[in-house]
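Notes follow once the structure below has been shown.
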Ligand code: CMC
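In our numbering, the protein residues as written are 160 to 581.
This is the structure we're talking about:
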């Protein structure tokens with residue numbers, strides 16, 4: 160059987176046969192035949208916007224691989240910085256490459272003092288840290304105007320190092336400001352994740368110390384959130400990047416998309432939902448509300464996964480390890496019961512709705528002491544590596560500017576009516 164599809168234009172009886180390559184057909188091949196007929200695909204349900212070699216999401220079977228490596232293996236053996244290197248460079252680093260990479264990231268963690276004091280501290284005292292994060296990342300482009308030279312691969316890599324190094328500092332600065340605590344400078348003697356925890360939680364102790372299970376758990380959460388194909392925020396990054404915009408603005412645009420409750424904001428929404436449910440006795444009435452369409456079961460469902468999200472499995476296991484150290488989170492029991500009830504219910508089975516990456520992550524963040532407003536910011540720190548990998552891939556592909564068509568449904572031509580006659 161030929162691996163192709165044939166399209167016939169019934170108006171003219173002309174046909175075109177297009178090969179199916181890796182599950183996709185090149186739309187450009189039929190535009191010659193079909194001319195000005197557009198494929199209407201709101202929300203990109205059936206459109207592959209690009210080819211990409213960064214991550215593979217097999218939603219039917221609940222599989223995720225970064226550059227071919229199963230997420231389970233990376234979560235078990237790797238570190239966030241090593242995964243960032245893998246995503247950006249395509250291969251795992253040698254020992255020397257890793258050492259240089261960690262050194263470079265570690266020595267770019269500081270942000271300009273005046274920028275932090277004058278810019279970041281000018282927000283309202285209770286500004287949402289994610290709002291502060293997106294604005295601050297965008298504003299960094301004014302500090303590094305040379306970043307706009309995106310054609311130079313060395314310059315690109317320099318900005319990438321800066322971004323990966325500085326996002327935790329910006330994130331923690333926003334959190335400290337929001338809770339009225341003094342800024343903590345980066346401590347370059349600490350590893351990437353412990354340094355972030357230090358900037359978040361250090362009070363007056365000379366050196367911040369953290370239980371290794373907790374810093375490892377956070378590193379693992381960063382790994383599992385680092386990349387996920389053409390999700391909403393990565394697509395935003397690619398669209399903005401296709402205009403040849405500087406990388407700080409690209410990452411800020413991606414982070415704006417992540418902010419929403421359907422995307423990276425879901426982890427905060429899950430914890431709020433569990434608080435709202437409050438006890439076992441309220442689970443059934445809550446599920447009824449979900450099924451009537453009044454609300455959604457946050458942390459459930461995914462455009463691509465029609466099976467258990469492999470990240471949710473890893474995170475659920477990690478949650479138990481974290482609670483051994485922090486003491487149990489009472490919301491965990493509600494979450495476990497809610498999952499059990501939902502997985503047993505036809506509404507969720509028919510729609511193939513399973514826990515996603517956000518269902519258990521918020522509970523870990525909460526137990527580690529992160530305020531709920533920081534949950535999405537944590538996601539943004541992790542995903543910065545994925546966004547940047549896509550930005551580089553896009554530029555190396557020599558992509559044209561992203562410019563979808565529309566099917567116009569508005570008024571036919573009409574004449575302007577002066578305001579007095581309307
Ligand atoms: N609770 C209840 N019903 C749901 C849910 C949910 N969480 N998700 C989907 N459905 C139903 C939806 O009502 C629809 O039913 P019907 O066919 O009867 O109208 C059907 O399932 C298909 O839903 P959809 O909205 O068309 O699916 P989508 O692919 O457009 O949306 C989603 C995917 C993730 C936005 C959605 O599942 C959702 O809103 N989930 C809750 C928010 C969430 O957890 N987001 C995190 C996603 S994973 C991390 C990330 O990407 O940031």
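The beta-carbon is built from N, C-alpha and C at its ideal position, and this holds for glycine as well.
Worksheet item: If we count the other Cβ atoms within 10 Å of its Cβ and call it buried at 16 or more, is residue 576 buried or exposed?
Response: One-based indexing of the chain shown puts residue 576 at position 417. With fewer than 16 Cβ atoms within 10 Å of its Cβ, residue 576 is classed as exposed.
Worksheet item: Among the residues of its own chain, which have a CB less than 6 Å from the CB of residue 395, if the five just before and after it don't count?
Response: The residue given as residue 395 occupies position 236 in the chain shown. Correct list, in chain order: 412, 413 and 416.
Discussion item. Given 8 Å as the limit, tell me if residue 549 has its C-beta closer than that to any heavy atom belonging to the ligand CMC.
Written reply: Within the chain shown, numbered from 1, the residue matching residue 549 stands at position 390. No; taking the cut-off as 8 Å, the Cβ of residue 549 has no heavy atom of the ligand CMC nearer than that.
Worksheet entry | For residue 177 and residue 188, the rounded distance between their alpha carbons | In the chain shown, counting from the first residue as 1, residue 188 sits at position 29. In the chain shown, counting from the first residue as 1, residue 177 sits at position 18. Using only the alpha carbons, I get a separation of about 7 Å.
Item to complete: Mind checking which residues open and close the beta strand (DSSP E) that includes residue 168?
Response: To locate residue 168, count along the chain shown from 1; it is residue 9. 163 to 168 is the span of the beta strand (DSSP E), which, as asked, contains residue 168.
Worksheet item: Taking the C-alpha atoms as reference points, what is the distance between residue 457 and residue 504?
Response: Your numbering for residue 457 matches position 298 in the chain shown. Your numbering for residue 504 matches position 345 in the chain shown. Distance between the alpha carbons of residue 457 and residue 504 is about 16 Å.
Worksheet item: Short check: CB of residue 549 to CB of residue 237, under 9 Å?
Response: Start at 1 with the first residue of the chain shown, and residue 549 comes out as number 390. Start at 1 with the first residue of the chain shown, and residue 237 comes out as number 78. Result no, Cβ atoms of residue 549 and residue 237 do not sit closer than 9 Å.
Worksheet item: Residues in its own chain within less than 7 Å of residue 297 by CB, not counting five upstream and five downstream?
Response: As a working note, residue 297 is residue 138 in the chain shown. 407, 408 and 411.
Worksheet item: Relative to the C-alpha of residue 217, which residue among 464, 488, 553 and 530 is closest?
Response: Taking the first residue of the chain shown as 1, we reach residue 217 at position 58. Among 464, 488, 553 and 530, the Cα nearest to that of residue 217 belongs to 464.
Discussion item. Quick check on DSSP: helix, strand or coil for residue 481?
Written reply: Mapped onto the chain shown, residue 481 falls at position 322. In the structure shown, residue 481 sits in a helix (DSSP, three-state: H, G or I).
Fill in: Reduced DSSP category for residue 456 - H, G, I as helix; E, B as strand; rest coil
Looking up residue 456 in the chain shown gives position 297. Residue 456 falls in the coil class under three-state DSSP.
Worksheet item: Any heavy atom of the ligand CMC closer than 8 Å to the CB of residue 577?
Response: Looking up residue 577 in the chain shown gives position 418. For the ligand CMC, not one heavy atom lies less than 8 Å from the Cβ of residue 577.
Worksheet item: Comparing the CB of residue 455 with every heavy atom of the ligand CMC, is any distance shorter than 8 Å?
Response: For the purposes of this step, residue 455 is taken as the residue at position 296 of the chain shown. It does: the Cβ of residue 455 is within 8 Å (strictly closer) of some heavy atom of the ligand CMC.
Worksheet item: Is the number of C-beta pairs between the stretch 313 to 325 and the stretch 263 to 274 that are closer than 8 Å three or more?
Response: yes
Discussion item. Going residue by residue through the stretch 188 to 269, where are the continuous beta strand (DSSP E) segments of at least 3 residues, counting only ones entirely within it?
Written reply: 214 to 217 and 222 to 225
Worksheet item: If you measure from the CB of residue 423, is any heavy atom of the ligand CMC nearer than 8 Å?
Response: Counted from its first residue, the chain shown places residue 423 at position 264. It does: the Cβ of residue 423 is within 8 Å (strictly closer) of some heavy atom of the ligand CMC.
Worksheet item: Which residue spans inside the stretch 476 to 543 form an unbroken alpha helix (DSSP H) run of at least 4?
Response: 489 to 502, 505 to 509 and 517 to 526
Discussion item. In whole angstroms, give me the CA-to-CA distance for residue 540 and residue 428.
Written reply: Walking along the chain shown from the start, residue 540 turns up at place 381. Walking along the chain shown from the start, residue 428 turns up at place 269. Straight-line Cα distance between these residues: approximately 18 Å.
Worksheet item: What is the DSSP secondary structure of residue 400, counted as helix, strand or coil?
Response: Translated into the one-based positions of the chain shown, residue 400 becomes position 241. Reduced to three states, the DSSP call for residue 400 is helix.
Worksheet item: Starting from residue 449 and walking both ways along the alpha helix (DSSP H), at which residues does that stretch end?
Response: Against the chain shown, residue 449 aligns to sequence position 290. Per DSSP, residue 449 belongs to the alpha helix (DSSP H) from 442 to 450.
Discussion item. Under DSSP, the beta strand (DSSP E) around residue 178 begins and ends at which residues?
Written reply: For this step, residue 178 is matched to residue 19 along the chain shown. Element bounds for residue 178: 173 to 178.
Discussion item. Nearer than 8 Å: is that true of the beta carbon of residue 468 relative to any heavy atom of the ligand CMC?
Written reply: In the chain shown, counting from the first residue as 1, residue 468 sits at position 309. Yes, Cβ of residue 468 sits closer than 8 Å to a heavy atom of the ligand CMC.
Discussion item. Let me check understanding here. Comparing Cα to Cα, which of 492, 568, 518 and 448 lies closest to residue 129?
Written reply: A question about residue 129 goes unanswered here, because the residues of the chain that appear run from 160 up to 581.
Practice prompt. Look at the Cβ atom of residue 461, then the Cβ atom of residue 468, and state whether they are nearer than 9 Å.
Written response: Looking up residue 461 in the chain shown gives position 302. Looking up residue 468 in the chain shown gives position 309. Yes, these two residues count as a Cβ contact at 9 Å.
Worksheet entry | Own chain, CB closer than 8 Å to residue 466, minus 5 neighbours either side, in chain order | As a position in the chain shown, residue 466 is number 307, starting the count at 1. The answer, listed in chain order, is 218, 219, 220, 221, 511 and 513.
Worksheet item: Between residue 535 and residue 405, is the Cβ-Cβ spacing less than 9 Å?
Response: Here residue 535 refers to the residue found at position 376 when the chain shown is read from its first residue. Here residue 405 refers to the residue found at position 246 when the chain shown is read from its first residue. For residue 535 and residue 405, no; Cβs fall outside 9 Å.
Fill in: Simplified DSSP assignment, three categories, for residue 290
Position 131 of the chain shown holds residue 290. The answer is helix: DSSP assigns residue 290 an H, G or I state.
Worksheet item: Since residue 183 sits in a beta bridge, which residues does DSSP pair it with?
Response: The sequence position of residue 183 within the chain shown is 24, counting from 1. Bridge partners of residue 183: 180.
Worksheet item: Taking C-beta to C-beta, are residue 360 and residue 280 nearer than 9 Å?
Response: By one-based count along the chain shown, residue 360 stands at place 201. By one-based count along the chain shown, residue 280 stands at place 121. In this structure, residue 280 does not lie closer than 9 Å to residue 360 by Cβ.
Discussion item. Quick check on residue 434: does DSSP put it in helix, strand or coil?
Written reply: Locating residue 434 in the chain shown gives position 275, where the first residue counts as 1. Residue 434 falls in the helix class under three-state DSSP.
Worksheet item: Where do the N-terminal and C-terminal ends of the alpha helix (DSSP H) with residue 342 fall, by residue?
Response: Reading the chain shown from its first residue, position 183 is the one you call residue 342. Residue 342 -> no alpha helix (DSSP H), and no H or E assigned at all.
Worksheet item: Run through DSSP, which three-state label would residue 409 get?
Response: Position 250 of the chain shown holds residue 409. Residue state, collapsed to three classes: helix.
Worksheet item: Roughly how many angstroms separate the alpha carbons of residue 552 and residue 213, rounded to a whole number?
Response: In the chain shown, residue 552 corresponds to position 393, counting from 1. In the chain shown, residue 213 corresponds to position 54, counting from 1. Taking the straight line joining both Cα atoms gives about 8 Å.
Practice prompt. List the endpoints of the continuous alpha helix (DSSP H) containing residue 353.
Written response: Counting from 1 along the chain shown, the entry for residue 353 is found at position 194. From DSSP, the alpha helix (DSSP H) with residue 353 extends over 351 to 360.
Worksheet entry | Burial state of residue 421, where buried means 16 or more other Cβ atoms lie within 10 Å | Within the chain shown, numbered from 1, the residue matching residue 421 stands at position 262. So residue 421 counts as exposed.
Worksheet item: Hey, is residue 478 close to the ligand CMC, as in C-beta under 8 Å from one of its heavy atoms?
Response: Start at 1 with the first residue of the chain shown, and residue 478 comes out as number 319. Because no heavy atom of the ligand CMC lies under 8 Å away, the Cβ of residue 478 does not count as near it: no.
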